[in-house]
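Below is one structure; the comments refer to it alone.
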Amino acid sequence: MLPRRILATVILIIGFGGLFSPSSQATEHRQQTQSPTNSASDTFTTRQGSHFDKLRQALESLLKAPWLAGCQSLKIYETEFSDTPLNAVPIYIIGIHPLHNPQRLFEVYGPIVDHLDAHIAEAHFKLEASRNYEEFEKKLDAGHFDFAMPNPYQTVRSLRHGYRIFGKMGDDENFRGILLLRRDSTIRQVSDLKGKALSYPAPSALAATMMPQYYLHAHGIDINHDIKNLYVGSQESSIMNVLLGHVAAGATWPVPWKSFAEQHPDRAKQLFIKWQTDTLPNNGWVAHNRVPAVIIERFQTILFVLERSEEGRKMLARIPVSRFQPATEETYRAVREFLDKFSKNVRSLEQAG
1320 MLPRRILATV ILIIGFGGLF SPSSQATEHR QQTQSPTNSA SDTFTTRQGS HFDKLRQALE
1380 SLLKAPWLAG CQSLKIYETE FSDTPLNAVP IYIIGIHPLH NPQRLFEVYG PIVDHLDAHI
1440 AEAHFKLEAS RNYEEFEKKL DAGHFDFAMP NPYQTVRSLR HGYRIFGKMG DDENFRGILL
1500 LRRDSTIRQV SDLKGKALSY PAPSALAATM MPQYYLHAHG IDINHDIKNL YVGSQESSIM
1560 NVLLGHVAAG ATWPVPWKSF AEQHPDRAKQ LFIKWQTDTL PNNGWVAHNR VPAVIIERFQ
1620 TILFVLERSE EGRKMLARIP VSRFQPATEE TYRAVREFLD KFSKNVRSLE QAG
């Protein structure tokens, strides 16, 4: 088989040689003298057709030659265009643990994500809600989120799944469990809850489940035998269960309770906080290790100064929280200690971290 460069040269020589041979020129001369009335365009068409006929015949003869038999399967390559631009901006998924139902979560955190997206040109950010705690935790454990705001228990656990802690919600004084009763309830003391049903968002909710259960344990309730625990999927569901009388008491924490009271003041008036727990560090901010350090730096720089502008303060007020602030793994030492104590004394819990 001849090298392609030689083959191309042979084709060009033969083809153009045929076009400019004496017989070709004679033919053209005869065509012109025989048809003196033809227009210039007719003459050009005749010459063009003659030239291409010669070239085609030369190529066909050449390719039939035995020494070029292997070249007949040469492929013609066409230019292909990709739908993905070379300078495509990466998209980073942000997950917020189910503080609210998905619609409310987008209303509260959507403006913050949009603000980040508008001020970090080298990245796009997409907020993703989860239907419940279980779904959120599956995504977190699988490393699905690039950035996430888990509760403190999930924050500590995320360290085993490729995340690192870089920030948290402020206002730790609000990160406590509360137990709600109806105003017409006959419950007066903790021991009155024996034999009753209580609602919680999920087994892994720290402020709204574990901390209230530890409080009950510390006040003489065996939560595994003395009461019926109902895990109803969300903070709002836990509140609604006590409001509707389905349970004797409902557990949640101050942030969703305040939001509920603002959205449904008439309903909230039917309830009151009977008991509350001690505090722990608030919800964390984590980033997956695959996210470039420069993107994390830009993200936290914008997040940690929201309270300095009127626009940012309005965003924070929707949560509500006064600010976001830096944090590290050490920030959550008290959470680890609580989880160890809870798992040993109250109910079995998968060890975090």
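For the record, in the sequence shown the residue sitting at position 38 is 1357 according to our numbering, with numbers rising by one throughout.
We put the beta carbon where it would ideally sit given N, CA and C, even for glycine.
Q) Leaving out the 5 sequence neighbours to the left and right, which residues in its chain are closer than 7 Å to residue 1396 when beta-carbon positions are compared? A) On the sequence shown, position 77 is the one that residue 1396 refers to. A caution first: residue 1396 carries a pLDDT of 36, below 50, which makes its placement in the model unreliable, though a value can still be read off. Around residue 1396: no qualifying Cβ.
Q.
Mapping the DSSP letters down to three states, classify residue 1305 as helix, strand or coil.
A. No statement about residue 1305 is possible, as the shown extent of the chain runs from 1320 to 1672 and does not include it.
**Q.** Sequence-distant residues of its chain with Cβ nearer than 7 Å to residue 1597 (five each side left out)
**A.** For the purposes of this step, residue 1597 is taken as the residue at position 278 of the sequence shown. Hits under 7 Å: 1495.
**Q.** residue 1636 versus residue 1489 - alpha carbon distance
**A.** Within the sequence shown, the letter at position 317 stands for residue 1636. Within the sequence shown, the letter at position 170 stands for residue 1489. C-alpha separation (whole angstroms): 12 Å.
Q) In three-state DSSP terms, what is residue 1337? A) As a working mapping, residue 1337 is identified with position 18 in the sequence shown. Confidence is the limiting factor: at residue 1337 the pLDDT is only 43, short of 50, which leaves the residue's position unreliable, though a coordinate-based value still follows. Looking at residue 1337 - three-state DSSP - the assignment turns out to be helix.
Q: Please list the segments of the alpha helix (DSSP H) lying wholly inside the region 1513 to 1547, counting only runs of 4 or more residues, in order along the chain.
A: 1530 to 1537
Q) Below 8 Å, can you find three or more Cβ-Cβ pairs linking the region 1628 to 1648 to the region 1511 to 1519? A) no
**Q.** Short Cβ contact (8 Å threshold) for residue 1608 with residue 1483
**A.** Here residue 1608 corresponds to residue number 289 of the sequence shown, with the count starting at 1. Here residue 1483 corresponds to residue number 164 of the sequence shown, with the count starting at 1. Yes. Within cutoff.
Q.
Measuring only the C-alpha atoms, how far is residue 1431 from residue 1553?
A. Here residue 1431 refers to the residue found at position 112 of the sequence shown. Here residue 1553 refers to the residue found at position 234 of the sequence shown. Going from the Cα of residue 1431 to the Cα of residue 1553 covers about 22 Å.
Q: In angstroms with no decimal places, state the Cα-to-Cα distance between residue 1586 and residue 1567.
A: Within the sequence shown, numbered from 1, the residue matching residue 1586 stands at position 267. Within the sequence shown, numbered from 1, the residue matching residue 1567 stands at position 248. Computed Cα separation, rounded: 16 Å.
Q: Can you say whether residue 1657 is buried or exposed, counting buried as having 16 or more other CB atoms within 10 angstroms of its CB?
A: Looking up residue 1657 in the sequence shown gives position 338. Buried.
Q: Pull up the distance between the alpha-carbon of residue 1532 and that of residue 1549, whole angstroms please.
A: Within the sequence shown, numbered from 1, the residue matching residue 1532 stands at position 213. Within the sequence shown, numbered from 1, the residue matching residue 1549 stands at position 230. Looking at the two C-alpha atoms, the distance is approximately 12 Å.
Q.
Taking the beta carbon of residue 1557 as the centre, do at least 16 other beta carbons fall within 10 Å, making it buried, or is it exposed?
A. For the purposes of this step, residue 1557 is taken as residue 238 along the sequence shown, with counting starting at 1. Residue 1557 comes out buried.
Q.
Just to confirm my understanding: we take residue 1595, look at its own chain, exclude 5 residues before and 5 after, and list those with CB closer than 6 Å. What are they?
A. Sequence index remark: in the sequence shown, residue 1595 carries index 276 (1-based). Answer for residue 1595: 1495 and 1497, listed in chain order.
Q.
Please state the DSSP three-state secondary structure of residue 1503.
A. On the sequence shown, residue 1503 is found 184 positions in, with the first residue counted as 1. It is coil, neither helix nor strand.
(Q) Let's test the definition: count the other Cβ atoms within 10 Å of the Cβ of residue 1465 and tell me whether it reaches 16, buried, or not, exposed. (A) The residue you call residue 1465 lines up with position 146 of the sequence shown. So residue 1465 counts as buried.
Q: Buried or exposed for residue 1528, please, with buried defined as at least 16 other CB atoms from any protein chain shown within 10 angstroms of its CB.
A: Stepping through the sequence shown from its first residue, residue 1528 is reached at position 209. Counting Cβ neighbours within 10 Å, residue 1528 comes out buried, since at least 16 surround it.
Q.
For residue 1403 and residue 1409, what's the separation of their Cα atoms in angstroms?
A. The count along the sequence shown starts at 1 and reaches residue 1403 at position 84. The count along the sequence shown starts at 1 and reaches residue 1409 at position 90. Confidence at residue 1403 is low in this model, with a pLDDT of 44, below 50, so the placement of that residue should be treated as unreliable; the coordinate-derived value is given next. Rounded to whole angstroms, residue 1403 to residue 1409 spans 11 Å at the Cα level.
Q: For residue 1662, I'd like the list of residues in its chain whose CB is within less than 6 Å of its CB, leaving aside the five on either flank, ordered along the chain.
A: Your numbering for residue 1662 matches position 343 in the sequence shown. Hits under 6 Å: 1668.
Q: Locate the alpha helix (DSSP H) running through residue 1429, then write down its first and last residues.
A: Along the sequence shown, read from residue 1 onward, the residue named residue 1429 stands at position 110. Its alpha helix (DSSP H) spans residues 1421 to 1438.
Q: Please work out which residues of its chain come closer than 7 Å, Cβ to Cβ, to residue 1543, disregarding the five sequence neighbours upstream and downstream, and give them in chain order.
A: The residue given as residue 1543 occupies position 224 in the sequence shown. Answer for residue 1543: 1666, listed in chain order.
**Q.** Alpha-carbon spacing of residue 1624 relative to residue 1420, whole angstroms
**A.** Here residue 1624 corresponds to residue number 305 of the sequence shown, with the count starting at 1. Here residue 1420 corresponds to residue number 101 of the sequence shown, with the count starting at 1. Whole-angstrom Cα-Cα distance: 27 Å.
Q: Can you have a look at residue 1620 and say buried or exposed, based on whether 16 or more other CB atoms are within 10 angstroms of its CB?
A: Here residue 1620 refers to the residue found at position 301 when the sequence shown is read from its first residue. Residue 1620 should be labelled exposed.
Q) Taking the alpha-carbon positions, what's the residue 1462 to residue 1447 distance? A) As a working mapping, residue 1462 is identified with position 143 in the sequence shown. As a working mapping, residue 1447 is identified with position 128 in the sequence shown. Answer to the nearest angstrom: the Cα atoms are 14 Å apart.
Q | Counted within 10 angstroms of its Cβ, other Cβ atoms place residue 1505 as buried (16 or more) or exposed | A | Here residue 1505 corresponds to residue number 186 of the sequence shown, with the count starting at 1. With fewer than 16 other Cβ atoms within 10 Å, it is exposed.
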